[in-house]
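Residues in the sequence shown are numbered consecutively from 10, following this note's numbering.
Note that the Cβ used here is the ideal one computed from N, Cα and C, for glycine as well.
First up is the structure itself, then whatever we jot down about it.
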Amino acid sequence: MTPPLQSFLKYTSLILSLNCFLMSCNTQQENKASHLKLWYQQPAKSGTLSNAAIVKRNDLEWLKALPIGNGSLGAMVYGDVNNEHIQLNEETMWSGGPSDNDNLEAFSALSDIRNLLFEGKYKEATTLTKQTQICKGAGTGLGKGANVPFGCFQTLGDLWLDFDSTGSFENYHRELDLDEAVVRVSYSQNGVNYKREYFVSYPDQALVVKLTANKPQSISFKSTLTRPELYQTKSTENELVMQGALSNGSGGKGLEYIARLSAKNKNGTLNFNNGFLEVKKADEVVLYLTASTNYKLSYPDFTGRLYEEISAKNLEDVQQKAYESVLVSHVNDYQKYYKRVQLKLTSSLDTIPTDLRLKTFKSNNKKSDLHLVELLYQYGRYLLISSSRPGTLPANLQGIWANELQTPWNGDYHTDVNVQMNYWPSEVANLGEMHLPLFSLMEMLQKPGAKTAKVHYNANGWVVHPVTNVWGFTAPGERSDWGMHVGAGAWLTTHIMEHYYFTLNEDFLKSKFPVLKGATQFYLDWLIPDPKTKKLISGPSVSPENKFIAPDGSMSKICMAPAHDQQVIWQLFQNYIDACNALGIQDDFLNEVQQAQQQLQGPQIGADGRLLEWNEAFEEIEKGHRHISHLYALHPGFQIDLKETPELANAARNSLDYRIKHGGGHTGWSSAWLINQYARLGEGGLAENSLKTLLSKKISPNLFGQHPPFQIDANFGATAGISEMLLQSHTNEIRLLPALPVSWKSGEVKGLCTKGGFVVDLKWEAGELIQAQVHSKKGGVAALSYKDNVINLETKAGETIQVPL
Ligand code: FUC
10 MTPPLQSFLK
20 YTSLILSLNC
30 FLMSCNTQQE
40 NKASHLKLWY
50 QQPAKSGTLS
60 NAAIVKRNDL
70 EWLKALPIGN
80 GSLGAMVYGD
90 VNNEHIQLNE
100 ETMWSGGPSD
110 NDNLEAFSAL
120 SDIRNLLFEG
130 KYKEATTLTK
140 QTQICKGAGT
150 GLGKGANVPF
160 GCFQTLGDLW
170 LDFDSTGSFE
180 NYHRELDLDE
190 AVVRVSYSQN
200 GVNYKREYFV
210 SYPDQALVVK
220 LTANKPQSIS
230 FKSTLTRPEL
240 YQTKSTENEL
250 VMQGALSNGS
260 GGKGLEYIAR
270 LSAKNKNGTL
280 NFNNGFLEVK
290 KADEVVLYLT
300 ASTNYKLSYP
310 DFTGRLYEEI
320 SAKNLEDVQQ
330 KAYESVLVSH
340 VNDYQKYYKR
350 VQLKLTSSLD
360 TIPTDLRLKT
370 FKSNNKKSDL
380 HLVELLYQYG
390 RYLLISSSRP
400 GTLPANLQGI
410 WANELQTPWN
420 GDYHTDVNVQ
430 MNYWPSEVAN
440 LGEMHLPLFS
450 LMEMLQKPGA
460 KTAKVHYNAN
470 GWVVHPVTNV
480 WGFTAPGERS
490 DWGMHVGAGA
500 WLTTHIMEHY
510 YFTLNEDFLK
520 SKFPVLKGAT
530 QFYLDWLIPD
540 PKTKKLISGP
550 SVSPENKFIA
560 PDGSMSKICM
570 APAHDQQVIW
580 QLFQNYIDAC
590 NALGIQDDFL
600 NEVQQAQQQL
610 QGPQIGADGR
620 LLEWNEAFEE
630 IEKGHRHISH
640 LYALHPGFQI
650 DLKETPELAN
660 AARNSLDYRI
670 KHGGGHTGWS
680 SAWLINQYAR
690 LGEGGLAENS
700 LKTLLSKKIS
710 PNLFGQHPPF
720 QIDANFGATA
730 GISEMLLQSH
740 TNEIRLLPAL
750 PVSWKSGEVK
760 GLCTKGGFVV
770 DLKWEAGELI
780 QAQVHSKKGG
790 VAALSYKDNV
800 INLETKAGET
810 IQVPL
C-alpha cells in the first residue's frame with residue numbers, strides 16, 4: 010500500500026471510529042433519555058427476616074414492589090432500605106398433581122339435558138346438568154385448590170436481607186427500567202451513597218443482585234431464604250439451600266423444589282452458617298439465586314428433571330462470570346425482543362414518579378396522560394417477555410408473580426378469556442416467540458382432553474373447559490354454571506392459526522396441525538342440529554358467565570347455542586379450513602368441516618338492535634356483565650367486521666354500549682377487552698375511554714392490572730388494545746391508524762406486526778398519517794387501508810417499502 014493511501018485510510022478510520030464513538034455516546038444518551046421507567050421516591054415497605062412467618066402475604070405493599078423475571082424465575086423487589094425483601098417465584102411451583110376428574114355419568118344424561126332444553130324446561134335441565142355433567146372430585150376447589158388435587162400456583166418463598174443499618178435515609182430512588190429489564194435502587198444513609206441493581210437473566214437462568222456503596226466496608230447484612238410452609242433452609246460452605254416438597258392435594262408428597270443462593274464479595278467477610286449468610290463490612294456484594302423443580306410438562310407423568318443438578322449447574326456457571334458480562338448478556342437478550350417496537354405519543358420528559366402520575370391521572374378527571382399510555386403499553390410487552398419464553402409454561406393469571414400459597418383462582422389458566430387475553434399482544438406487538446408456551450400447554454392437554462371428550466360426550470378429538478392447570482385438568486368445572494363452558498377449547502385452539510397468520514411459518518403449522526384437527530374433530534361430533542331450524546348448535550353450554558331469565562321463569566345459565574360457542578366454533582372451523590389451504594390438504598374431513606361451518610347457527614340481531622347473547626332474546630340478569638363473550642366474533646375473532654358485515658358490527662356496538670351503560674367493563678380485564686372491541690369498531694375515542702377507565706380504576710402503583718385482585722390479563726389486554734387502535738389486520742386488509750383518538754394528536758409507532766408477515770412503522774401529525782413504512786418478511790401483497798383508501802402494495806421477501814401516501 011502506498012504511504013499516502015495508507016495514511017488516508019488511517020485518517021478515515023480514525024474519523025470513522027471517532028464518529029462511531031460520538032454516535033454511540035449520542036445513542037446512549039438518547040437511549041437514556043428515552044428510557045421508559047416505572048419510578049418511585051420511596052420503597053415498598055417489606056417485612057423483616059424476624060417477622061417473616063407473619064408477613065401479610067397479600068398486602069398492598071406487594072403491589073408497590075417491582076416485578077422482574079425470565080419466563081420461569083420471577084421476583085418482586087421491594088427495595089426497602091434497612092430490610093430488603095425479594096419475594097421469589099418459580100413458574101412450576103404448583104401444589105396438587107394429576108388426577109382423573111372425568112364423570113362417568115355424564116354421557117348417559119347428555120341427550121336428556123338437550124331434550125329438556127329443547128322443550129323449554131330450563132330448570133330441570135339445569136338440575137340434571139348439575140347432577141351429571143360436572144367434574145368428579147373437588148375440581149378447582151372453588152378457586153381455592155391449594156390442598157386438593159387441582160393444586161395452586163404458589164410462591165417459591167422470600168429472600169431477606171437485614172442490614173445492620175437502622176434509621177433514616179435520603180435521596181431515595183427506585184426504578185424498573187423497561188429498556189433494560191433492570192430494577193435499580195439508590196439512597197444515602199449516614200453519609201454513604203448506596204446502590205442496588207437487580208435482574209433475572211434468561212441466558213444465565215439466575216436472579217442477580219448487586220449491592221454497592223461509595224465508601225469501603227459499608228455493606229453488612231444477614232440473609233436467609235424462607236417460605237410460608239414446607240421448606241428447610243440449610244447452609245453449605247458457600248451456599249444457602251432452601252428445599253422442600255409441596256402437597257399433592259391427596260395427602261401425599263407432590264412437586265419437589267430447590268432454591269440456591271450464593272454470593273461474591275469485594276473485601277469484608279462472607280459466612281454461610283446455620284441457614285444464614287452473613288456479610289460483614291464488604292465494599293460490594295453480588296448475590297446469585299437459582300431455582301428449579303422436578304416438574305415436566307408431559308401428561309400423565311409430570312416428573313422429570315434432575316432439578317437439583319440443574320439449579321447447581323446454573324449457580325456454578327453464573328458466578329464464574331464477571332458481573333458486567335452477565336448484565337450485558339441479560340440486557341442484550343432482553344432487548345432483542347423489547348426493542349422491536351417503539352411507541353411515541355409525547356416528547357415531554359417524565360418528571361413525575363409513577364405512583365404520583367397515576368394518582369394525578371385519577372384526580373385530574375382522567376385528563377389524557379400520554380406518557381402513562383406509553384408506559385402501560387411497553388410494560389405489557391415487558392411483562393410478556395418476562396413471564397413467557399419459549400420452553401416455559403404460559404403466563405398464568407398472575408404471569409409468574411404470586412406471593413401466596415393460595416393464589417387467587419389458583420393462579421391457573423382460565424380459558425374463558427383470561428389466558429387467551431394474555432397472548433393477544435404477542436403477535437401484533439412483535440413478540441411472536443413468547444406465544445409458543447401456549448401451544449406447548451395445548452399439546453399436553455390433548456391426551457387428557459381426548460379422554461374427557463370420550464367420557465363426557467362420547468366424542469372424538471379433545472376438549473378443555475373454562476379452567477385448566479399444569480396437571481392436565483380438562484373436565485368441566487365443579488359448578489355447572491361456569492364450568493360447562495364447552496367452547497373454551499375452540500377459543501384456545503384459535504391461537505395456533507393466529508400465530509401462523511402472522512408468521513406464515515409452515516413448519517410451525519404442520520407441527521401443531523394435529524392439535525387443531527383434534528379440537529375441530531371434537532366440535533364436529535359435539536354439534537347437533539336444532540330440531541326447529543336444523544342449524545348446527547352447541548349445548549348444553551353457557552355464555553361465560555352470564556345468567557338469563559328462561560321462558561319457564563327460572564334463572565339459568567345452561568342453554569343450547571349460546572352465541573359465544575357458535576362464534577368460537579365458526580372461528581375454529583375457519584382456522585381449520587385456512588390451515589388446510591396453507592398446507593395443501595384436501596380430504597373428506599375438510600369437506601365435512603366446510604359443510605358444518607355453513608350449517609352453524611350464526612350471529613343474530615335482536616329486536617332492540619343488539620347482538621343476541623343466547624339463541625333467543627332472553628333477558629340477562631346482569632346487564633353490565635363483565636364478560637362480553639357474545640362479541641367474540643368482533644374481537645378477537647373476525648367473523649364480524651366493520652366493513653365486511655356492517656349490520657352485525659352495528660349490533661355488536663349496541664351490545665357494547667348497553668353493557669357499559671349498565672356498568673360493564675368493571676374488572677381490569679373487562680375494560681381492557683373493551684379497548685380492543687371499540688378499536689375494532691373504529692371508535693378511537695371510546696377505546697381511549699376504556700383505557701382511561703382501566704388506568705384510573707384498575708391499575709396498582711406498580712402498574713399491575715387489577716380484577717381486583719391482581720390479574721395480569723388486563724396488562725396484556727391493554728397492550729393488545731393500544732396496538733389495535735394503531736394497526737389492525739384481522740381481515741384481508743391492513744388498517745393503518747384505524748382508531749386513533751383525538752388526543753393522540755401526533756406520534757409514531759415502529760415495529761408492529763400484521764398478518765401475512767409484514768412489519769409496519771407509522772408516523773402521524775395533527776391526527777393524519779404522514780409516513781408509513783412496510784417491511785415484508787415473506788413477500789406478497791399488503792392491502793393497506795387508510796380511511797377510505799386502499800393501496801395494494803406488491804412486496805418481495807426482505808423488502809422495506811415507504812408507502813406512497
Ligand atoms: C373468569 C372471570 C373472573 C375471573 C376469573 C379468573 O372466570 O369470570 O372474573 O377473571 O376468570
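- Distance from the C-beta of Asn405 to the nearest heavy atom of ligand 1 is not below 7 Å.
- Only residues of its own chain outside the window of five on either side were considered, and among them Asp213, Gln214, Ala215, Thr299 and Ser301 have a CB closer than 8 Å to the CB of Asn323, listed in chain order.
- One residue after another in chain order, those with a Cβ under 7 Å from a heavy atom of ligand 1 are Leu406, Trp418, His423, Asp425, Val426, Asn427, Pro475, Trp491, Pro553, Glu554, Arg635, His636, Thr676, Trp678, His716 and Gln720.
- Relative to Ser732, the option among Ala658, Leu513 and Leu354 whose CA is nearest is Leu354.
- For Glu452, the enclosing alpha helix (DSSP H) starts and ends at Leu445 to Tyr466.
- For the pair of segments examined, the region 572 to 591 was found not to touch the region 125 to 145: the number of CB pairs separated by less than 8 Å stays below three.
- Cβ neighbours of Ile649 within its own chain (closer than 7 Å, five residues either side excluded): Pro612, Ala642, Leu643, Leu657, Ala658 and Ala661.
- Taken through DSSP and simplified to helix, strand or coil, Val472 comes out as coil.
- Residue environment analysis places Ala775 among the exposed positions, since fewer than 16 neighbouring C-beta atoms fall within 10 angstroms of its C-beta.
- In chain order, Ser435, His508, Phe511, Thr512 and Cys762 place their CB closer than 8 Å to the CB of Gly441, counting only its own chain and leaving out the 5 sequence neighbours on each side.
- For the options Ala727, Ser259, Gln811 and Phe531, the alpha carbon positioned closest to that of Asn467 is the one of Phe531.
- Nearest Cα to Tyr131 within the set Gly150, Lys330, Arg390 and Gly562: Gly562.
- Put simply, the region 359 to 372 does not touch the region 248 to 255. Fewer than three CB pairs are less than 8 Å apart.
- Inter-residue distance for Ser372 and Ser705 is about 9 Å (C-alpha atoms, whole angstroms).
- In the three-state scheme derived from DSSP, where H, G and I count as helix and E and B as strand, Leu216 is classed as strand.
- Looking from the CA of Ser794, the closest CA among Thr740, Ile810, Lys786 and Lys805 belongs to Thr740.
- At a Cβ-Cβ threshold of 8 Å, Val192 and Glu179 do not count as neighbours.
- Pro446 places its beta carbon 8 Å or farther from that of Tyr422.
- Rounded to the nearest angstrom, the Cβ distance from Thr164 to Ala411 is 6 Å, consistent with a contact under 8 Å.
- The region 112 to 131 and the region 82 to 94 do not touch, with fewer than 3 CB-CB distances between them shorter than 8 Å.
- Scanning its chain for C-beta atoms nearer than 6 Å, with the 5 sequence neighbours on each side dropped, one finds around Lys73 the residues Ala53, Pro710 and Asn711, in chain order.
- About 5 Å separates the CB atoms of Lys273 and Val295; that is less than 8 Å, so the two are in contact.
- Separation of Gly618 and Asn663 (C-alpha to C-alpha, rounded to the nearest whole angstrom) is 7 Å.
- Taking a contact as a CB-CB distance under 8 Å, the pair Trp678 and His716 counts as one, their CB atoms being some 7 Å apart.
- A buried status is given to Gln737, since no fewer than 16 other beta-carbon atoms sit within 10 Å of its beta-carbon.
- In the DSSP annotation of this structure, the continuous segment of the beta strand (DSSP E) that includes Ala268 starts and ends at Lys262 to Lys275.
- Counting other Cβ atoms within 10 Å of its Cβ, Asn698 reaches 16 or more and is therefore classed as buried.
- Around the beta carbon of Ile779, a 10 Å sphere encloses fewer than 16 other beta carbons of the protein chains shown; the residue is thus reported as exposed.
- Looking only at Leu703, Lys764, Asn801 and Phe719, the smallest Cα-Cα distance to Lys375 is reached by Leu703.
- Ala781 and Val340 have their C-alpha atoms roughly 29 Å apart.
- His508 has no beta-bridge partner at all, per DSSP.
- Contact check for Val472 against Thr461 passes: the beta carbons are separated by less than 8 Å.
- In this structure, the straight-line span from the alpha carbon of Phe627 to that of Pro655 is close to 24 Å.
- Note: Pro76 is bridge-paired with Met85 in the DSSP secondary-structure output.
- Going by DSSP, Arg366 is part of the alpha helix (DSSP H) stretching over Thr363 to Ser372.
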